[in-house]
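Peer 1:
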Amino acid sequence: MVFLTRLLRVDVCKQSLVTLRKSTGHSFQHCKQALEQTNNDVTQATAWLQAEALKKGWTKLERSEAREAQQGVFAMAGLGSNLVAVTEVNCETDFVARNSELRGFAHKISETLCQEVRKGNLAAGTNLQTLPWEKLSQLVMDGQSVDEGRARLVAKVGEKVGLRQSVIVAAKGDERLAATCHPDGAFGKYGAVMLYKGGDDDVAEKICQHIIGMKPMSIGKLEDLNKELSEKDAAQKVQAKSSENAENLNEDADDHTPQARPSKDNEHRLLMQDFVFDPDTTVGELLQEHGMQITRFYRFECAQEMIENKD
Numbered sequence: 000m001v002f003l004t005r006l007l008r009v010d011v012c013k014q015s016l017v018t019l020r021k022s023t024g025h026s027f028q029h030c031k032q033a034l035e036q037t038n039n040d041v042t043q044a045t046a047w048l049q050a051e052a053l054k055k056g057w058t059k060l061e062r063s064e065a066r067e068a069q070q071g072v073f074a075m076a077g078l079g080s081n082l083v084a085v086t087e088v089n090c091e092t093d094f095v096a097r098n099s100e101l102r103g104f105a106h107k108i109s110e111t112l113c114q115e116v117r118k119g120n121l122a123a124g125t126n127l128q129t130l131p132w133e134k135l136s137q138l139v140m141d142g143q144s145v146d147e148g149r150a151r152l153v154a155k156v157g158e159k160v161g162l163r164q165s166v167i168v169a170a171k172g173d174e175r176l177a178a179t180c181h182p183d184g185a186f187g188k189y190g191a192v193m194l195y196k197g198g199d200d201d202v203a204e205k206i207c208q209h210i211i212g213m214k215p216m217s218i219g220k221l222e223d224l225n226k227e228l229s230e231k232d233a234a235q236k237v238q239a240k241s242s243e244n245a246e247n248l249n250e251d252a253d254d255h256t257p258q259a260r261p262s263k264d265n266e267h268r269l270l271m272q273d274f275v276f277d278p279d280t281t282v283g284e285l286l287q288e289h290g291m292q293i294t295r296f297y298r299f300e301c302a303q304e305m306i307e308n309k310d
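All residue numbers for the sequence shown refer to numbering that gives the first Met the number 0, where the first residue is 0 and numbers rise by one.
#1: Whose C-beta lies closer than 8 Å to the C-beta of D254 among residues of the same chain, with five residues either side of it excluded?
#2: Return yes when the Cβ of I210 is within less than 7 Å of the Cβ of H181, no when it is not.
#3: Does the distance from the C-beta atom of R117 to that of L78 stay below 7 Å?
#4: Return the CA-CA distance between G290 and E284, expressed in angstroms with no decimal places.
#5: Can you check whether the CB of I306 is closer than 7 Å to the CB of R295?
#6: Helix, strand or coil for S165 per DSSP?
#7: Within this structure, are the beta carbons of A44 and L34 separated by less than 7 Å?
#8: Identify whether A76 lies in helix, strand or coil by the three-state DSSP scheme.
#9: Return the chain-ordered ranges of every alpha helix (DSSP H) run that is complete within the stretch 81-147 and spans a minimum of 4 residues.
#10: Between the Cα of V83 and the Cα atoms of K21, K171, E67, L162, which residue gives the shortest distance?
#11: Would you identify the three-state DSSP class for K309, choosing helix, strand or coil?
#12: If you run the structure through DSSP and keep just helix, strand and coil, what is D223?
#13: Using DSSP's beta-bridge definition, name the partner residues of V202.
#14: Relative to the alpha-carbon of S109, which residue among D200, L48, V145, V282 has its alpha-carbon at the smallest distance?
#15: In the DSSP assignment, find the unbroken beta strand (DSSP E) run with F296 in it and report its ends.
#16: Can you give the beta carbon distance from L312 to L152, rounded, assuming they're within the 8 Å contact cut?
#17: By a C-beta neighbour count over all protein chains shown, 10 Å radius and 16 as the cutoff for buried, is V85 buried or exposed?
#18: Under the DSSP definition of a beta bridge, which residues are partnered with A178?
#19: A178 to M75, Cα distance in whole Å?
#20: Tell me the DSSP secondary structure of T281 in three-state form.
#21: Can you give me the start and stop residues for the alpha helix (DSSP H) that L34 sits inside?
#22: Tell me which residues share the same chain as A259 and place their Cβ nearer than 8 Å to its Cβ, disregarding the 5 neighbours each side in the sequence.
#23: Since I believe V156 is in contact with A105 (beta carbons under 8 Å), could you give me their beta-carbon distance rounded to a whole number of angstroms?
#24: May I ask you to report which of helix, strand or coil DSSP gives Q287?
#25: So, helix, strand or coil for R149, using DSSP?
#26: Relative to the C-alpha of I218, which candidate in G184, G187, M271 has its C-alpha closest?
#27: Given a threshold of 16 other Cβ atoms within 10 Å of its Cβ, counted over all protein chains shown, does P278 qualify as buried or as exposed?
#28: So what's G187 in DSSP terms, helix, strand or just coil?
#29: Among the residues of its own chain, which have a CB less than 8 Å from the CB of L19, if the five just before and after it don't count?
#30: Got a sec? Which residues, its chain only, sit under 8 Å from N81 by beta carbon, not counting five neighbours each side?
This is how it looks when you write it as C-alpha cells:
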C-alpha cells in the first residue's frame, strides 16, 4: 500500500514576520522561511535563523579569509571617566563599514570589555592593555562568543569581517581621560585617546580631535616650546625694528611684506603644533593657559598601526 503525504504550506503570520524581522535584522525572505519551518513560532524561528546564520557564516568566513579587509570602523565604550575600550572591526567596503550591524558588533565588544573590567574578570593594570585574539574570540556577549557573532555578521553583510584590535586604556592616579572617534564621536575611521592632568574636559576633547587631524608622533617638552617662543619673540622684535628703519628710509614702506610665519607642516611634536582650532596658538600654549599636562596619547586609524607617543 502506498501512502501519499500531502505537504501543507504554512501561511505565515504577517505580524510574526514583522516581529521576527525587527528583532533579528534578517531579510524578510529568510524570516518567512524560518516561520514556515517552525509553524509561525517566533521563538523557534529565531533559533532556526541563528543556527542557519552561524552555519552559513562559517562557510563564508572560510571563503573570505584570503580577501583584504582595509575598510572598517572603531567603536568606543567607557566605564566612568577613567577607562575606555576601543575596538576596530574591519570589512571590505566603506558601504559595509557604515552598516549599523557592523557598528553595533564593534560597540558591543567594547561595551562587554568594560563590563568584564567592572566585574573583575579583566584587570586594567596598565595604561594600555591589548586583548589577544585567542582571548577576545571567546569573550561571551548576548549568549554567544565574539567569534560566533563574527560568523553571523559575515552571513548578514556578505563580506569578510575581521577584528584587528581591541584595547583598554585606563587612567591612573590623578590622571584623567579623554577619547573620541571621527566623524561620529563613538564611531569612526579614526580615533584618539589622551591621558592628562588638570585642565578642562572640553579642551581635552578638542586636543583629541587635534591628534586625529594632525597625527603627532610624540608629546614634546614644554622647555623646548618656551625656548622656541622666546626665539620667535626676539625675531619679531628685530623684524619690527627693521620695518621701522625701512619706513624712515623709504616712502614706499607700505609695500613692505613681513616675513611669513614658519610652516609647521612637518612638526610631529604635539606641544609644538599649531592648534587646529586656533592656528595662532600652539597646543603647548593652550595647555599652559589651562593648567594641563598630557601624559600619554594614542591615535587610531583603520587598517593602520596604532600611534603611541614615543616620549
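Virtual Cβ for every residue (Gly too), placed ideally from N, Cα, C.
Peer 2: Reading off the structure:
#1: Below a pLDDT of 50, predicted positions are generally treated as unreliable, and D254, at 45, falls in that range; the measurement from the model is reported next regardless. Excluding sequence neighbours, D254 sits near nothing in its chain.
#2: no
#3: yes
#4: 10 Å
#5: no
#6: strand
#7: yes
#8: strand
#9: 93-96, 99-118, 132-135
#10: K171
#11: coil
#12: helix
#13: Its beta-bridge partners do not exist; DSSP assigns none.
#14: V145
#15: 292-300
#16: Only positions 0 to 310 of the chain appear in this structure, which leaves residue 312 out of reach.
#17: buried
#18: V192
#19: 8 Å
#20: strand
#21: 27-36
#22: The predicted position of A259 is uncertain, since its pLDDT is 42 and thus under 50; no value can be drawn from it.
#23: The pair is not a contact, with the Cβ atoms about 13 Å apart (cut-off 8 Å).
#24: helix
#25: helix
#26: M271
#27: exposed
#28: strand
#29: H25, C30, A33, L34, V41, A44, T45, L48
#30: A169, A170, E174, R175, L176
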